[in-house]
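Protein chains: 2
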Amino acid sequence: MRSRRVERVRGWLAEQELGALLVSSAPNVRWLTGFAGEGMLVVDDGTLICTDSRYRVQSCEEAPGIECAAEGGHLEQAIARLEACGAARVGFEAPHLSYASWQKLAEGLGGVTLVPCGDEIRRLRAIKDAGEVKLIERAASVADEAFGRWRGALEPGITEREAALELERLMVLGGAEKPSFGTIMAAGTNGAKPHACPGRRTIDEGDLVVVDWGAQVDGYCSDCTRTLLVGEVGEQQRAIWQAVRAAQLAAIDAAVAGARCADVDAVAREVLRGHGWEKEFSHGLGHGVGLQVHEQPTLSQRSEDVLASGMVVTIEPGVYIDGWGGVRLEELILVTEEAPRVLTHAPYDL
Amino acid sequence: MRSRRVERVRGWLAEQELGALLVSSAPNVRWLTGFAGEGMLVVDDGTLICTDSRYRVQSCEEAPGIECAAEGGHLEQAIARLEACGAARVGFEAPHLSYASWQKLAEGLGGVTLVPCGDEIRRLRAIKDAGEVKLIERAASVADEAFGRWRGALEPGITEREAALELERLMVLGGAEKPSFGTIMAAGTNGAKPHACPGRRTIDEGDLVVVDWGAQVDGYCSDCTRTLLVGEVGEQQRAIWQAVRAAQLAAIDAAVAGARCADVDAVAREVLRGHGWEKEFSHGLGHGVGLQVHEQPTLSQRSEDVLASGMVVTIEPGVYIDGWGGVRLEELILVTEEAPRVLTHAPYDL
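Going down the list, the protein sequences come from chains A and B. Every number in my numbering is 5 more than the matching position in the first sequence, counting from 1. Every number in my numbering is 5 more than the matching position in the second sequence, counting from 1.
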């Protein structure tokens, strides 16, 4: 599977008339080789992982059969290989190489034409193969099960931080390598911050609590959000919650292969407009998920991406009101030619 | 305190004849403003945080009194401000800005001279003020206390992952925002990988276990390593453990203000050479710790850094043997004019 990915990259390099590519994005290196440590990858007629002594053993284990250099600086080793391979034109990942590293590369490779490339490998990564979908499903199911156990035991009076920690603990005990990102557990007015950090605030009767969590399994992430209603539900809380849920369901229906991501975003926004909450939906509708919890495509008003079969994306509309709180509901879906397959199955409170 | 930091940056800008600086490193933005979300900072005659709607509320809370733009792309907002401020020469952080972002910056700021800067702000961050030392001490003490509780309850048969999770849980319950990095819990032969990820291997009688963990408090990190001896201790295990400990103590003694970092590294290496384990010490001796768990200075054979009063650094020699395992012992110290102050106090097994 991985060698086929490298072949696709080589095919692309041939089209661009590039003799070699320096891959500096860690998830791209992992996707192409399996190696999950720190380092870079040179793709020429062969492949060379450039890392350091800390990762020598790990590289052999995770990327068996792939040559590994671990006796110097990552970039210095890559420069030596790129020089030795004799390519006249060498591509590099412009979004993932610092200006300072580019300077070193240019100094080290006099005579070679350095060609800034975009996010071609990330673009390839947007469409998942069957093995990748299986891992994301497993991650989602670990996260779902942990949530179910956690929700049943949730007692008012616990702090956001303790609650987040317990959910993360259940995920790891249930088979996650780790949470796929820092869990968001935002009670009451904290819910107005879409990316709030769990703090010392307690979760109390009458609170809406935004819970955004995910598991990582074999490097692959899940991502899901529920907004809990602790205790009795107020009228406005219920109304906003239902508007967000309606927006989410409509957007999921619209998320089929061939749909423009901006159009899917617009579907959710339109539903919220009908309820008078359009302005309070202050972020994009969703994003791809895979080895990274945020990857291509982007579902937003300004996105030019188009959905394709095999993409795994979130659908997560929300309403955020300063001084009041927030509601966000998020599912992870697999895009197909027909109705998308929803990969997250945590229960809803309402 | 923070405004004084910004003033120091402005002083440096004046020396370099720069009218403004784009700060794109997240910990540098946090150090200068308090804002811990995603975004960039423009320092000109004023300061502007460039972020997005997700972090609008957080920016007001964490960086009160600092202007914040949250209505577009981070870089686009920064370009608009840099254009408006009228600076003829604008600096940027070359190690922390991607080549692609630099291209956009150059296109957006025609007529302006863009000057690649190094890691000046990170260099300033290397010397901690009293408030920062207090936070690092608090983080170290949270980590120490969690370790003490965890060590007392450790039972053979637990997996590396469960053991790591429990230690992390105790840190968060004890007051950490989160672990300062993914805990390393490497039992038996896994200890040969300095940066091993905790896995499904169980910790058994007779194992050496490398435990490398830290807490984060108000953004500041601690970092500490112990190598546990579970059950009866073999002769070679004890000999290597004691060699590493001797190397560590000698290096701590040598780590005073004015010492060259390469010389302090050499002290540890010399002790290990005396025991016949020099080649198995396959990484540098240590690194600065602060808002990041790895920051300046670097203590290694090739480092050109010099220790100064107020630096907080790790001293962490180790011996790694493929197929056998590893021993690493790490303390966090505050460099002073005299003997360093050791900030970590977790007990040793031997």
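Think of the CB as a built atom: it goes at the ideal place given N, C-alpha and C, for glycine as much as any other residue.
Within-7 Å CB hit, residue i to chain B
| i | result |
| --- | --- |
| S103/A | yes |
| Q82/A | no |
| R174/A | yes |
| W329/A | no |
| L170/A | yes |
| S287/A | yes |
| A99/A | yes |
| P121/A | yes |
| W282/A | no |
| W36/A | no |
| Q63/A | yes |
| W218/A | no |
| W107/A | yes |
Exposure label - residue i; buried when at least 16 CB within 10 Å
| i | result |
| --- | --- |
| M3/A | Only positions 6 to 355 of chain A appear in this structure, which leaves residue 3/A out of reach. |
| R231/B | buried |
| Q247/B | exposed |
| R243/A | exposed |
| Y353/B | exposed |
| A89/A | exposed |
| A135/B | exposed |
| G116/B | exposed |
| S64/B | buried |
| P161/B | exposed |
| Q297/B | buried |
| P241/A | Reading off the sequence shown, one finds Gln at residue 241/A, where the question assumed Pro. The residue in question, Q241/A, is exposed, as its Cβ has fewer than 16 Cβ neighbours within 10 Å. |
| A201/A | buried |
Within 7 Å, strictly: CB atoms of residue i and residue j
| i | j | result |
| --- | --- | --- |
| R94/B | L23/B | yes |
| V324/B | V249/B | yes |
| E245/A | I320/A | Per the sequence shown, the amino acid found at residue 245/A is Ile instead of Glu. Not a contact, by the Cβ cut-off of 7 Å. |
| V222/A | R143/A | yes |
| Y225/A | L140/A | yes |
| P203/B | A169/B | yes |
| A68/A | F40/A | yes |
| G193/B | G331/B | no |
| S29/B | M45/B | yes |
| L102/A | A111/A | no |
| G179/B | A158/B | no |
| D270/B | Q306/B | yes |
| A267/A | S308/A | yes |
| C229/B | E137/B | no |
| G289/B | R130/B | no |
| L175/A | R154/A | yes |
| V62/A | K198/B | yes |
| G236/A | S185/A | no |
| A83/A | L37/A | no |
| A262/B | V340/B | yes |
Within-7 Å CB hit, residue i to chain A
| i | result |
| --- | --- |
| P322/B | no |
| A144/B | no |
| W155/B | no |
| V177/B | yes |
| W17/B | no |
Identity of the residues DSSP links to residue i by a beta bridge
| i | result |
| --- | --- |
| A25/B | V95/B |
| L213/B | L234/B |
| T52/B | V48/B |
| T188/A | None, per the DSSP bridge assignment. |
| Y225/B | V222/B |
| G193/B | Looking at the DSSP assignment, G193/B forms no beta bridge with any residue, so it has no partner. |
| S146/A | Answer is none; S146/A lacks a bridge partner. |
| S103/B | S103/A |
Contacts of residue i in chain E (Cβ-Cβ under 9 Å)
| i | result |
| --- | --- |
| E167/B | Given the protein chain composition of this structure (A and B), no chain E is represented. |
Closer than 6 Å: residue i CB and nearest the ligand MN heavy atom
| i | result |
| --- | --- |
| D209/B | Only the bare structure without any ligand can be found here, which leaves the ligand MN out of the picture. |
Going along the stretch 187-202 of chain A in order, which residues come within less than 8 Å of chain B, judged by CB to CB distance? Across the stretch 187-202 of chain A, CB contacts with chain B closer than 8 Å involve G187, A197, K198, P199, H200, A201, C202, in sequence order along the chain.
Going along the chain, which residues of the stretch 47-59 of chain A sit with their C-beta nearer than 7 Å to a C-beta in chain B? Taken in chain order, the members of the stretch 47-59 of chain A whose beta-carbon sits within less than 7 Å of a beta-carbon on chain B are S58, R59.
With 8 Å as the C-beta to C-beta threshold (strictly closer), list the residues of the stretch 267-280 of chain B near chain A in chain order. Residues of the stretch 267-280 of chain B that bring their beta carbon within less than 8 Å of a beta carbon in chain A are absent altogether.
Where the stretch 293-304 of chain A meets chain B: residues whose CB sits under 9 Å from a CB there: The residues in question: there are none.
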